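Student: Protein chains in written order, with full-length UniProt numbering: chain A, 1 to 840; chain B, 1 to 658. Every residue, glycine too, gets a C-beta built ideally from N, C-alpha and C. No experiment lies behind these values; they were computed from the predicted model shown. Starting off with a structure, shown below.
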Amino acid sequence: MSKPTANWEKVGDKFYRKVQLYTAVFDQDLELQNYNVVGAPYSGAVAIYRDEDKVYEYRGAQATRSSIDIYSCAGKLIRRINWDKGTIKALGWSEDEKLIVVTADGTVRCYYHLQGDFVPFTLGHGADEHGVQSCKFYGSGFVALLGNNQLITVSNYTEPRPKLLASPPSDPVVSWAIIPPTYSLSRSVEVILAIGTTLYVVDATDAEDRDFTAGPFRHISVSPKGEFLAFYTEDGKVWVVSGDWSEKLSEYDSRAKTVPKDMQWCGSNAVALAWEDEVHLIGPRSVATKFYYDAWVHLLPDVDGLRLLTNDVCEYLQKVPDETVEVFRLGSDSPAANLLEASSLLDQKSPKADDLIQLIRPSLSEAVDTCIKAAGHEYNIHWQKALLKAASYGKSVLDLYSSDDFVDICDTLRVLNAVRFYEIGLPLSYDQFKRLTPEKLIERLTNRHEYLLALRIASYLHLSSDKIHGHWAQQKVRVSTDSEEVICTLIVKKLHGKPGVSFEEIARAAYEEGRVRLATELLNYEPRAGKQVPLLLGMKEDTIALDKAIESGDTDLIYHVLLHLRKKLPLASFFRVINTRPVATALVETSALDQDRDLLKDLYYQDDRRLDGSNLLFTEALSQTTLAPSLDKLKLASKYLQDSRDASAVFQRGALDDATKLLRMQETFEKDLAPSQSTPSPIPGAATSTYIGLSLNATIFALLRAGHQKRALKLQHEFKVTDKAYTWLRLRALVSARHWIELEEISKTKKSAIGWEPFFNECLSAGKTNYAALFIPKCTGLSVAERVEMWTKCGLLVKAGEEALKAKDKALLEEIRAKATGSAVLELERLIGMLPGGRR
Amino acid sequence: MAPITPFNASDVAEKARRDLLLLLEGIRGKKNLVLEKALAGSLNLLVKFSTLQEYGVDKPFFLENDNVDSSQRNVVFLVRGEKATTVQAVADQIKRIRRDSSIEHEFSIFWVPRRTMVSDQLLESAGVLGEASVSEWPLFFIPLADDVLSLELDDTVKDMYLRKDPTSIYLSAKALMLQQQKYGLFPRIIGKGDNAKRLADLLIRMRTEVTAGESTNSLSPSFLGLVPSSTVDSLIIIDREVDFPTALLTQLTYEGLIDEVFSIKANQTEVDSSVVGGATPQPGQTGSASTSMKRKVLIDSKDSLYTTLGDSNFAIVGNLLNKAARRLQSSTERNQLAAKTTAELREFVAKLPGYQAEQASLKQHTSLAEEIIKHTRTDIFTRSLEVQQNIMSGADPITQHDTITELISRDIPLPTILRLLCLESTTNAGIRPKDLETFKRAIIQAYGPQHLLTLSSLEKMNLLQVRGGSALGATPAARPGSVSNYTPLRKSLKLWDDEVNEADPNDISYVFSGYAPLSVRIIQSIIQKQTLANLIKPLSNPQASAQANPLAQGLRIFDDASKYVRGATFDETQTGEEKAVKARSMLNGSHNDAGKTVVVFFLGGVTRAEISALRFVGRKLRDVGGEGRGSKIVICSTGIVRGEGLVGAAIETQRFGA
């Protein structure tokens with residue numbers, strides 16, 4: 001076995017290693033130098049397309065057909081997209097392996113799931129006019145540079161909203177880079193543009209000149225976490241500046257005459273410069289090392305390193321993780337190195353093994369930890385095993401040690417080794433795997449149709465396998481040549497008891513494949529109405545969609561279907577559909593009430609809901625601003641009911657006719673009494689009130705208050721207002737108009753429909769005790785005590801006394817005397833004296 | 001590890017707050033905030049305006065006023081997206097700003113609580129969908145107190161009972177579902193009412209829907225599909241329709257009366273500043289400075305004085321206030337005298353702010369109480385209360401007609417009259433056709449012809465009915481279960497309590513000074529069977545074990561009563577996967593039965609009096625060792641209602657010539 005340090009390179013005081021991942025990656029005929037190569041993050045797929053700017057050998061008509069080819073890192077062709085849709089200006093990957101293709105006219109095509117179809121959108125903001133120059137991509141979005149130096153950003157692909165950033169100067173852009181929103185200080189995307197000799201930082205609100213003079217900068221590169229920026233100057237120097245622009249960290253002179261074709265960060269510690277077949281790796285403090293290749297090399301940056309791709313090999317360049325350095329560094333005497341040594345000695349059955357262990361005994365548990373971590377970072381299976389064995393040996397010596405990490409690494413390594421296998425071609429590093437998460441890894445595998453491996457990994461890591469099954473079923477539906485019944489039963493059988501599988505997606509796939517019947521069948525197994533309905537609508541199964549929507553209880557969904565139906569169906573059939581479904585009818589009514597009264601009218605008419613129809617007309621009558629149309633509408637409302645015989649309709653008609661009559665009378669009052677309104681009324685407020693729109697009672701009240709008793713009486717007769725109600729109205733009107741004289745007149749009449757108590761109360765609360773007192777003697781229905789109370793309230797204690805005297809109630813009398821003051825006391829004393837046995 | 005408490009008010013509030021601030025943070029720079037009036041109260045409860053300002057909110061606007069200006073580049077709309085009209089208003093305003101403004105704007109819309117397809121469709125057809133970035137603020141429950149969570153859906157009554165629009169039911173189900181996802185399935189869902197049944201069905205249905213959608217984010221462990229919750233005992237759903245009368249009655253607790261007299265909105269009430277002096281600023285009082293003479297007063301459940309006052313019958317509030325005043329005075333005075341050593345003095349000084357706050361609150365509540373007394377002394381109040389009490393105690397409603405007619409003639413506020421009429425109708429299975437017609441005519445004459453629509457709406461809501469059949473004549477005889485029959489209920493649930501004790505209550509009847517709310521009685525018949533059984537049918541020999549009342553077995557009272565109450569009855573148990581349940585019972589044993597939470601959900605709103613009554617029940621349950629096993633009650637609802645709101649949903653506001 002070769003030594004683990006064989007592929008290490010020392011850059012300054014740090015080690016870098018170049019792991020050979022795969023060999024014989026591409027066909028030797030493929031002229032990689034003529035292609036643009038972009039790699040998906042986390043060791044994902046690689047997309048290549050021919051660079052149209054470069055001359056190439058003519059190979060006959062067939063070869064000139066351009067295409068975008070997607071390969072795995074091991075060079076396995078995953079997909080070929082034939083391209084005839086214009087000049088590709090940029091190609092990029094999103095975090096979840098969506099391929100983004102941007103053409104010169106500003107059209108963006110987003111290819112899903114490696115194998116899937118694309119979703120297009122356009123950048124707008126003048127992109128079609130000025131043309132897209134280039135694009136820079138980050139995890140969830142990208143920024144496009146237009147011909148007029150405008151920058152357009154798209155922050156997500158599910159709902160792309162291209163936004164214009166602030167405008168930089170229009171001088172030609174030498175090079176540019178972006179800081180992704182996750183790592184920028186402002187939490188939104190920032191663009192660094194090299195224009196002239198200086199740099200501009202552009203975000204949504206402004207373009208700021210950073211006042212550099214050392215330019216023009218040929219290359220700009222931002223480290224994966226945005227903490228450092230690297231610039232390549234015209235005179236062959238590489239500058240590294242901290243991400244907040246506060247400090248220039250190092251400067252390296254490459255002494256190269258030609259500008260490198262690419263500059264990328266390798267992790268966050270080193271910058272790689274690439275010429276055609278030469279790569280310089282520049283570490284901190286400007287030390288560098290050089291690698292030479294015999295073919296054209298491409299740099300594919302990743303979060304913790306750099307993939308190097310040539311026709312022959314795919315290599316991974318990364319800083320050697322600290323744990324690995326600790327274990328393997330030549331002459332390392334760290335506990336971990338000793339532990340590894342001890343373990344190999346143990347294999348050789350040497351007694352020295354125990355000596356070594358005893359030597360590192362105090363720091364054994366750290367040594368075990370280090371070995372475990374180093375194993376995780378190791379690509380070579382031999383050394384993985386050796387390290388794990390060492391850890392296991394050390395573990396057995398320790399009394400107390402939690403094996404969780406050990407088990408975890410074992411699991412992870414098993415998965416990593418499986419996916420690194422060349423047929424799969426996902427050479428994830430340990431850190432990438434941790435960042436990517438196992439769920440996403442499984443998603444990547446299913447996208448590559450590696451269902452078996454995905455299932456195995458899912459069950460090995462105890463993850464849900466529902467997605468995999470769903471994906472499998474979709475694929476099955478697409479490509480299977482079996483009859484629809486067979487497919488359906490097969491899928492249903494396979495997916496039985498897996499509640500997380502989305503049947504909707506499978507059904508959609510079936511529908512898109514033209515298997516409508518299969519789609520409907522499959523859709524029945526989908527429990528989520530929100531998923532069923534849109535597809536059903538798309539499949540023109542309108543009534544089923546409506547029923548499913550109603551079942552779900554989600555009004556939004558029901559409205560959605562209803563809106564769709566309303567647009568599609570003629571009115572009569574629309575009504576027919578909703579009539580049998582009360583919830584749908586209720587919702588149509590509710591929304592129509594606000595928006596579409598005519599629809600509602602038709603609905604009521606068609607449904608023979610006379611009362612509701614009449615009410616609707618009545619509402620319209622109310623909303624008229626002038627009287628004449630109001631009256632017309634009222635007439636219509638009444639007419640609407642003329643054929644109905646049932647009690648409520650008859651009542652309604654009566655009420656409507658009364659309303660008309662009242663309005664007409666109010667109109668005449670308004671006209672007749674208008675002049676009187678101009679004279680200042682003694683009572684404030686009376687002048688402002690008009691009659692129209694008042695209720696009947698309020699009209700009578702207003703008339704009485706203004707002294708138009710005859711008219712009020714007429715109204716009473718016309719509308720059969722009860723005497724009681726009328727008397728109340730008159731009382732209140734008189735009190736409020738303070739017509740005391742008239743009240744006094746009333747007190748002389750014999751009878752009142754409501755008794756006399758209200759008269760007393762109203763006068764009293766108006767503060768007129770003397771008028772209130774007028775009514776006390778008339779309240780014959782009340783008890784003596786109550787009448788005494790009334791007198792007392794009026795302050796007429798003597799009268800109260802007399803009342804008590806009449807009832808010969810001595811106790812009451814004395815109670816009254818207690819309240820009295822002044823001359824009333826004497827008078828009351830006298831009254832008490834008049835009672836038998838009063839004077840003792 | 002602290003025990004998980006489901007339906008924890010502060011958790012709910014914190015989550016909602018965080019969600020909103022995160023959304024606001026996502027928009028760079030200063031922004032103008034346009035919000036729906038109905039959301040203002042809720043927002044105020046969750047986030048202080050100063051916090052919003054820290055997050056870049058420059059000026060708030062109301063959507064209804066349509067006055068957002070172009071002073072900021074960013075315009076944020078915070079609105080409910082369920083109603084087409086609101087969506088349209090948003091679209092119109094975006095268009096207006098875009099047309100009028102000279103600078104380019106960034107629009108963001110936060111739909112509450114979810115983004116709807118209809119809103120997308122409307123925005124699209126208005127041509128603004130592409131202009132605005134759309135996200136949702138999943139705001140469901142808003143805690144009004146530690147044990148009260150409300151959805152604050154103002155239109156529920158109108159939607160559900162008048163328009164038969166089930167949106168509120170769906171939103172309620174969503175809200176409850178979120179809680180289930182967090183704390184596990186409700187082991188049992190029991191309840192009464194047609195809409196409540198629909199809600200329960202939806203919950204069960206959503207369970208399968210959610211498990212289906214779950215695997216996508218299996219990162220968050222969820223108990224769904226696995227096990228019923230170990231911390232929640234059951235969910236009791238009561239449909240407001242089951243018990244309209246309770247909502248129609250005048251509430252007689254202190255909090256209830258504040259609501260009746262001044263109206264409480266999102267824990268705030270507006271009182272004329274002449275009542276509670278305008279000078280002292282209230283802690284936590286936010287919102288617009290009072291331009292008018294109205295002042296906002298916070299009804300704070302954390303105020304120690306108010307906690308004792310709020311749930312008490314108003315009759316004893318005066319005494320309580322006196323007591324508090326005396327205690328406060330004596331404690332401050334004595335301390336001053338006794339403060340001899342510096343240590344004591346320091347302690348006293350440290351307490352001073354507390355005393356001052358208490359003093360302020362005491363002053364405020366005294367003046368509020370005085371104002372309420374003024375109101376309760378009026379002739380109209382006593383007369384209508386008299387009618388209510390007579391109807392509820394089972395007197396022949398015909399005897400009350402004269403009073404009602406008189407009140408109509410005296411032109412008292414229409415809601416009060418409608419409450420009385422609806423009360424009569426709902427407790428007596430309708431009003432005799434002749435009487436109803438008379439009343440209708442009287443109302444139209446007294447309050448105007450437009451109330452023909454009001455009355456028709458009330459009939460649609462089943463608040464006003466003709467006895468022996470619907471007014472439409474469609475159903476000739478009342479279907480069984482379509483009306484509540486109070487005559488047997490009065491006895492079997494002891495709805496009327498003649499020996500009510502307001503000062504030291506021994507039964508929930510204290511909240512209405514005699515009437516025990518039917519809704520709470522139904523809940524009692526599920527969770528407090530023993531007490532209720534003993535109340536209904538006191539045992540002959542009190543020596544016998546308290547647990548032995550035969551009535552208390554099973555669900556006898558509940559079953560008996562629900563026969564006479566309108567609406568569907570349901571009782572579902574939710575079990576999880578067998579394996580998981582077994583595994584848990586092995587782990588826990590069966591001792592972990594105490595201290596569970598009972599969730600009571602009022603669909604269509606809860607009144608403050610009912611909250612008080614339930615708190616009373618809850619206090620009894622919390623005594624560990626009793627039948628409640630120390631469980632606690634959490635009250636959830638679509639909103640807080642009061643009688644005026646209930647009939648107000650039907651009242652037509654337009655009038656002729658206006």
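1. With the cut-off set at 9 Å, would you say residue 326 (chain A) and residue 337 (chain A) are in Cβ contact?
2. Need the endpoints of the beta strand (DSSP E) that residue 308 (chain A) sits in, please.
3. Can you give me the C-alpha to C-alpha distance between residue 311 (chain B) and residue 299 (chain B), rounded to a whole angstrom?
4. Exposed or buried, which one is residue 150 (chain A) when buried takes at least 16 other CB atoms within 10 Å?
5. Using beta carbons (cut-off 9 Å, strictly below), is residue 150 (chain A) in contact with chain B?
6. Specify the secondary structure class of residue 347 (chain B) as computed by DSSP and reduced to three states.
7. Only counting the same chain, and skipping five residues up and downstream in sequence, which positions put a Cβ closer than 8 Å to that of residue 290 (chain A)?
8. Rounded to whole angstroms, what is the Cα-Cα separation between residue 292 (chain B) and residue 273 (chain B)?
9. Alpha carbon to alpha carbon, how far is residue 387 (chain B) from residue 487 (chain B)? Give it in angstroms, no decimals.
10. Which of the three DSSP states is assigned to residue 771 (chain A) in this structure?
11. Give a yes or no on whether the minimum CB-CB distance between residue 448 (chain A) and chain B is below 9 Å.
12. Taking all protein chains shown into account, decide if residue 240 (chain B) is buried (16 or more other Cβ within 10 angstroms of its Cβ) or exposed.
13. Please classify residue 821 (chain A) as buried or exposed, where buried requires at least 16 other C-beta atoms within 10 Å of its C-beta.
14. Who are the near neighbours of residue 324 (chain B) in its chain, counting only those whose CB is closer than 7 Å to its CB and skipping five residues on each side?
15. Taking just the CA atoms, how far does residue 90 (chain B) sit from residue 425 (chain A)?
16. Please classify residue 136 (chain A) as buried or exposed, where buried requires at least 16 neighbouring CB atoms within 10 angstroms.
17. Cα-Cα, which of B:258, B:367, B:248 and B:326 is closest to residue 642 (chain B)?
18. Mind listing which residues of the segment 515-527 of chain B have their C-beta closer than 7 Å to chain A's C-betas, in chain order?
19. Run down chain B in chain order and give the residues with a C-beta less than 7 Å from the C-beta of residue 659 (chain A).
20. Taking buried to mean at least 16 other C-beta atoms within 10 Å of its own C-beta, is residue 717 (chain A) buried or exposed?
21. Which residue marks the beginning of the alpha helix (DSSP H) containing residue 558 (chain B), and which one marks its end?
22. Name the chain A residues that come within less than 7 Å of residue 66 (chain B), Cβ to Cβ?
23. So residue 198 (chain B) contacts chain A; which residues on that side make the cut at Cβ distance below 8 Å?
24. Quick one: which chain A residues come within Cβ less than 7 Å of residue 657 (chain B)?
25. In angstroms with no decimal places, state the Cα-to-Cα distance between residue 216 (chain B) and residue 489 (chain B).
26. Buried or exposed: residue 26 (chain A), going by 16 or more other Cβ atoms within 10 Å of its Cβ?
27. Using a Cβ-Cβ distance under 9 Å, would residue 685 (chain A) count as near chain B?
28. What residues in the segment 112-139 of chain A have a beta carbon less than 8 Å from any beta carbon of chain B?
29. Give a yes or no on whether 9 Å exceeds the smallest Cβ distance from residue 568 (chain B) to chain A.
30. Per DSSP, which one or two residues make a beta bridge with residue 122 (chain A)?
31. In angstroms with no decimal places, state the Cα-to-Cα distance between residue 45 (chain B) and residue 599 (chain B).
32. Which runs of the beta strand (DSSP E) fall wholly inside the segment 620-662 of chain A and span at least 3 residues, in chain order?
33. Please confirm whether residue 756 (chain A) has its beta-carbon closer than 9 Å to some beta-carbon of chain B.
34. Which residues share a DSSP beta bridge with residue 194 (chain A)?
35. Out of A:469, A:482 and A:510, which one is the CA nearest neighbour of residue 496 (chain A)?
36. Looking only at its chain, what residues have a beta carbon closer than 7 Å to the beta carbon of residue 793 (chain A), apart from the 5 residues adjacent to it on each side?
Tutor: Per the coordinate set shown:
1. Contact annotation: residue 326 (chain A) and residue 337 (chain A) have beta-carbon atoms nearer than 9 Å.
2. According to the DSSP assignment, residue 308 (chain A) belongs to the beta strand (DSSP E) that extends over 306-309.
3. In this structure, the straight-line span from the alpha carbon of residue 311 (chain B) to that of residue 299 (chain B) is close to 12 Å.
4. By the neighbour-count rule (16 or more Cβ atoms within 10 Å), residue 150 (chain A) is buried.
5. Residue 150 (chain A) has a beta carbon lying at 9 Å or more from every beta carbon in chain B.
6. Reduced to three states, the DSSP call for residue 347 (chain B) is helix.
7. Excluding sequence neighbours, residue 290 (chain A) sits near 278, 279, 280 and 281.
8. Residue placement at residue 292 (chain B) is flagged as unreliable, the pLDDT there being 45, under the threshold of 50; a coordinate-derived value is accordingly withheld.
9. If you take the alpha carbons of residue 487 (chain B) and residue 387 (chain B), they lie about 17 Å apart.
10. Residue 771 (chain A): helix per DSSP, three-state reduction.
11. Chain B places no beta carbon closer than 9 Å to that of residue 448 (chain A), leaving this residue out of the contacts.
12. Burial call: buried.
13. Its Cβ having fewer than 16 others within 10 Å, residue 821 (chain A) is exposed.
14. Excluding five sequence positions before and after residue 324 (chain B), the CB atoms of its chain that fall closer than 7 Å to its own CB belong to 305 and 362, given in chain order.
15. Their backbone Cα atoms lie some 51 Å apart in a straight line.
16. Residue 136 (chain A) is buried by the Cβ-count criterion.
17. In terms of Cα proximity to residue 642 (chain B), the closest of B:258, B:367, B:248 and B:326 is B:248.
18. Residues: none.
19. Chain B residues near residue 659 (chain A): 449.
20. Residue 717 (chain A) should be labelled exposed.
21. First-last of the alpha helix (DSSP H) with residue 558 (chain B): 556-562.
22. For residue 66 (chain B), none of the residues of chain A pass the 7 Å Cβ criterion, the least Cβ distance being about 17 Å.
23. Within chain A, the residues near residue 198 (chain B) are 553.
24. Correct list: 627, 692 and 693.
25. Reliability of the predicted coordinates at residue 216 (chain B) is poor, the pLDDT of 44 falling under 50, and no value is obtained from them.
26. It counts as buried.
27. In this predicted model, residue 685 (chain A) has a pLDDT of only 41, less than 50, meaning its place in the structure is not dependable; the value taken from the coordinates is given anyway. False, the Cβ-Cβ gap to chain B never drops below 9 Å.
28. For the segment 112-139 of chain A, which is checked against every Cβ of chain B, not one residue is closer than 8 Å.
29. For residue 568 (chain B), the nearest beta carbon of chain A is not closer than 9 Å to its own beta carbon.
30. In the DSSP output, where bridge partners are listed per residue, residue 122 (chain A) has A:107.
31. Going by C-alpha positions, residue 45 (chain B) is about 22 Å away from residue 599 (chain B).
32. Whole beta strand (DSSP E) segments, 3+ residues: zero.
33. Residue 756 (chain A) does not count as touching chain B.
34. BP columns for residue 194 (chain A) point to A:175 and A:199.
35. The option with the nearest alpha carbon to residue 496 (chain A) is A:469.
36. These residues qualify, in order along the chain: 764.
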